[in-house]
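Residue numbers (this note's numbering): 119 to 222.
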Amino acid sequence: MVPAVAPGVSGSAVTKARRERLLLSARERWCKLTPELILYSENDLRCNVEQAEQLFTTLRVSKRPVELVRFPAEGHELSRSGSPHHRVIRFEIILEWFDRHLKT
């Protein structure tokens with residue numbers, strides 16, 4: 119393994135700048151490839167629908183793989199206290215999404 123900083127040059131500005139460029143490059147590649155699943159409950163009083171829609175639109179415009187699923191008549195605690203029907207649907211959506219995106 120090659121050290122991030124050459125011996126005797128630890129902390130030099132050139133080395134730090136190069137390391138930051140490499141990290142940024144890796145982050146950008148990761149961000150372009152990572153699919154996103156946004157689950158939103160329409161009666162959520164903590165997170166408004168505009169936030170979910172803005173995130174979805176921003177990712178879609180950036181050509182990122184993204185899906186938005188909205189649950190009507192559900193609040194912030196859908197996974198714990200939502201209707202049984204919506205809780206099952208939510209769980210199935212998550213399982214299907216992982217199944218689709220983790221298979222290579």
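In this text, a Cβ means the ideal position worked out from N, Cα and C, and glycines have one as well.
- By the criterion of a C-beta distance shorter than 7 Å, Ser197 is surrounded in its chain by Arg205 and Arg208, once the five residues flanking it on both sides are discounted.
- Bounds of the beta strand (DSSP E) holding Glu154 are Glu154 to Ser159.
- With a cutoff of 9 Å on beta-carbon distance, Ala170 and Leu186 are scored as near each other.
- For Leu173, the enclosing alpha helix (DSSP H) stretches over residues Val167 to Val179.
- Taking the CA atoms as reference points, Leu177 sits about 7 Å from Val184.
- When C-alpha distances from Pro202 are compared across Phe189, Leu213 and Glu214, the shortest belongs to Phe189.
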